[in-house]
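> Dropping a structure here in structure tokens format, bear with me for questions.
Residue numbers (the numbering used here): 100 to 547.
Shown next, in the form of structure tokens:
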């Protein structure tokens, strides 16, 4: 039969022993082994039986070790304030030399000679005599001290700001491929361009997807969001700017703001329903913000009203034209040649009301008539024509098209350009009628 093992009781370490005068100062407990104790004077480990501890305290080795420690005088490790101040000034000077090398893009070898100049030029300076910085120390200063401070400042300036990126995959002098990431942003009303990161590129990340993964990790490390990217620039390499599989395609898939180069701001948006109905439409929200409803809005220099009558736009242009004509009236009534006056009219007055004529040229005759009246008044000033000269004769003699003739010319030219536009959404606008809709929506006759 197998004999059962007897339970052996083990003495555990007791904290009260640390206050005992016989063990105080040299006895320590071992955290992972509660049944063991340690003598820090003799550097020995033994059991936690009290008899074993007493036996060790009375041993000759322990007595000699304790007595030798009593004869050692206590060292004063408190540094001298003057020495610390001098060392701080020396370190600042060395850091400024490293900063000079980094700012002016100097070779690291130049610091070997640059650090000796203060010693030679300032013999009476204690700080200059203690400067000791070479290539290795300069590289450590730039990489571990200056670079981290500059990086933190750049990230702080870019916080919650829109920025553009410049990327370049290159190979350094050590034949190591790196991805250089530069950022461009606006800070204090000035355009700032800085190097953000240099990411080593290994063989597994040489593809477009691999480069984009490295780029995303770099931004995540700096806590920057790709949603704030509004511009992208790189060389014409296929891995960077290819149309199918490139860094650009991955970036555009994750950030649509770069495609349109804008990001919708709900606080500066307006809700206009273009309809002839008078019923109120339901409210519209964008990003959880209610878009204010308005009857007209100005977009790209054109005032769009909800009924698309173009009345508000033409009234606004008439006010601008009257102010401009008031300034040019002395010139148009002068003895200058009629040819020169007509050129001034075509250059300074007609572009104001002709802008966007391809769109608002379809307005009803009553809206067009006010613009035609302004042009007739201007031509009478140019030619100093008496009252019996008709407007038709003025346009014919001065060889200036009427508003309706100019609208047809602008629209025909604009319509011809739409057919060959590379964007299919724009080229479809060249159709005379809307698809799957009747050719005429209103019972309004086309003006000849």
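Every residue gets a Cβ at the ideal spot worked out from N, C-alpha and C, and that includes glycine.
Owing to the predicted nature of the structure, the values given are computational and were not obtained by experimental measurement.
In this structure, how does DSSP classify residue 528 when only helix, strand and coil are distinguished?
The count along the chain shown starts at 1 and reaches residue 528 at position 429. It is helical.
> Any contact between the stretch 278-290 and the stretch 260-268? By contact I mean 3 or more CB pairs, one from each, below 8 Å.
Yes: at least three Cβ pairs fall under 8 Å.
> Smallest Cα separation from residue 311: which of 511, 272, 298?
Working through the chain shown from its first residue, we reach residue 311 at position 212. Comparing Cα-Cα distances from residue 311 to each of 511, 272, 298, the minimum goes to 298.
> Considering only the alpha carbon of each residue, which of 141, 373, 186 lies closest to residue 167?
Start at 1 with the first residue of the chain shown, and residue 167 comes out as number 68. Of the candidates 141, 373, 186, the one whose C-alpha sits nearest the C-alpha of residue 167 is 141.
> Using CA atoms only, rank isn't needed, just tell me which of 300, 242, 200 is closest to residue 548.
Any property of residue 548 remains undetermined from this structure, which presents the chain solely from 100 to 547.
> Pull up the distance between the alpha-carbon of residue 266 and that of residue 329, whole angstroms please.
What you label residue 266 is simply residue 167 of the chain shown in a count that begins at 1. What you label residue 329 is simply residue 230 of the chain shown in a count that begins at 1. The alpha-carbon atoms of residue 266 and residue 329 are separated by roughly 14 Å.
> What residue range is occupied by the uninterrupted beta strand (DSSP E) comprising residue 291?
One-based indexing of the chain shown puts residue 291 at position 192. Segment 289-299, the beta strand (DSSP E) holding residue 291.
> Given this structure, state the Cα-to-Cα distance separating residue 338 from residue 521, to the nearest angstrom.
Indexing the chain shown from 1 puts residue 338 at position 239. Indexing the chain shown from 1 puts residue 521 at position 422. So the two alpha carbons sit approximately 24 Å from each other.
> Find out if the Cβ-Cβ distance for the pair residue 404, residue 394 is shorter than 8 Å.
Here residue 404 is taken as the residue at index 305 of the chain shown, counted from 1. Here residue 394 is taken as the residue at index 295 of the chain shown, counted from 1. For residue 404 and residue 394, yes; Cβs fall inside 8 Å.
> Should residue 415 be labelled buried (16 or more other beta-carbon atoms within 10 Å of its own) or exposed?
For the purposes of this step, residue 415 is taken as the residue at position 316 of the chain shown. Burial call: exposed.
> Go ahead and pull the three-state DSSP assignment for residue 323.
The residue labelled residue 323 in the question sits at position 224 within the chain shown. Residue 323: coil per DSSP, three-state reduction.
> Is it buried or exposed for residue 549, if we count other Cβ within 10 angstroms and need 16 for buried?
Here the chain covers residues 100 to 547 and nothing more, so residue 549 does not appear.
> Excluding five sequence neighbours on each side, which residues of the same chain lie with their C-beta closer than 7 Å to the C-beta of residue 228?
The residue you call residue 228 lines up with position 129 of the chain shown. 218, listed in sequence order.
> Count the other CB atoms, across all protein chains shown, that sit within 10 Å of the CB of residue 206; report buried if there are 16 or more and exposed otherwise.
If you number the chain shown from 1, residue 206 lands on position 107. So residue 206 ends up on the exposed side.
> Should residue 151 be labelled buried (16 or more other beta-carbon atoms within 10 Å of its own) or exposed?
Residue 151 sits at position 52 when you count from the first residue of the chain shown. With fewer than 16 other Cβ atoms within 10 Å, it is exposed.
> Find out if the Cβ-Cβ distance for the pair residue 413, residue 466 is shorter than 8 Å.
Locating residue 413 in the chain shown gives position 314, counting from the first residue. Locating residue 466 in the chain shown gives position 367, counting from the first residue. Taking 8 Å as the Cβ cut-off, residue 413 and residue 466 qualify as a contacting pair.
> Looking at the strands, I want to know which residues DSSP matches up with residue 345.
Counting from 1 along the chain shown, the entry for residue 345 is found at position 246. Residue 345 is not bridged to any residue.
> Under a three-way DSSP split, which group does residue 207 fall into?
Within the chain shown, numbered from 1, the residue matching residue 207 stands at position 108. Residue 207: coil per DSSP, three-state reduction.
> Could you say if the stretch 231-248 and the stretch 188-203 meet the contact criterion of at least three C-beta pairs nearer than 8 Å?
Yes, the stretch 231-248 is in contact with the stretch 188-203.
> Less than 8 Å between the beta carbons of residue 423 and residue 442, yes or no?
Translated into the one-based positions of the chain shown, residue 423 becomes position 324. Translated into the one-based positions of the chain shown, residue 442 becomes position 343. It is not a contact, given that the beta carbons lie outside the stated cut-off.
> Can you list, in chain order, the stretches of the alpha helix (DSSP H) that have 4 or more residues and sit fully within the stretch 226-287?
Here the runs fully enclosed are 234-239, 246-256.
> Ordered along the chain, which non-local residues of its own chain (more than five positions away) have a Cβ less than 7 Å from that of residue 313?
Looking up residue 313 in the chain shown gives position 214. Cβ within range, chain order: 278, 298, 300, 304.
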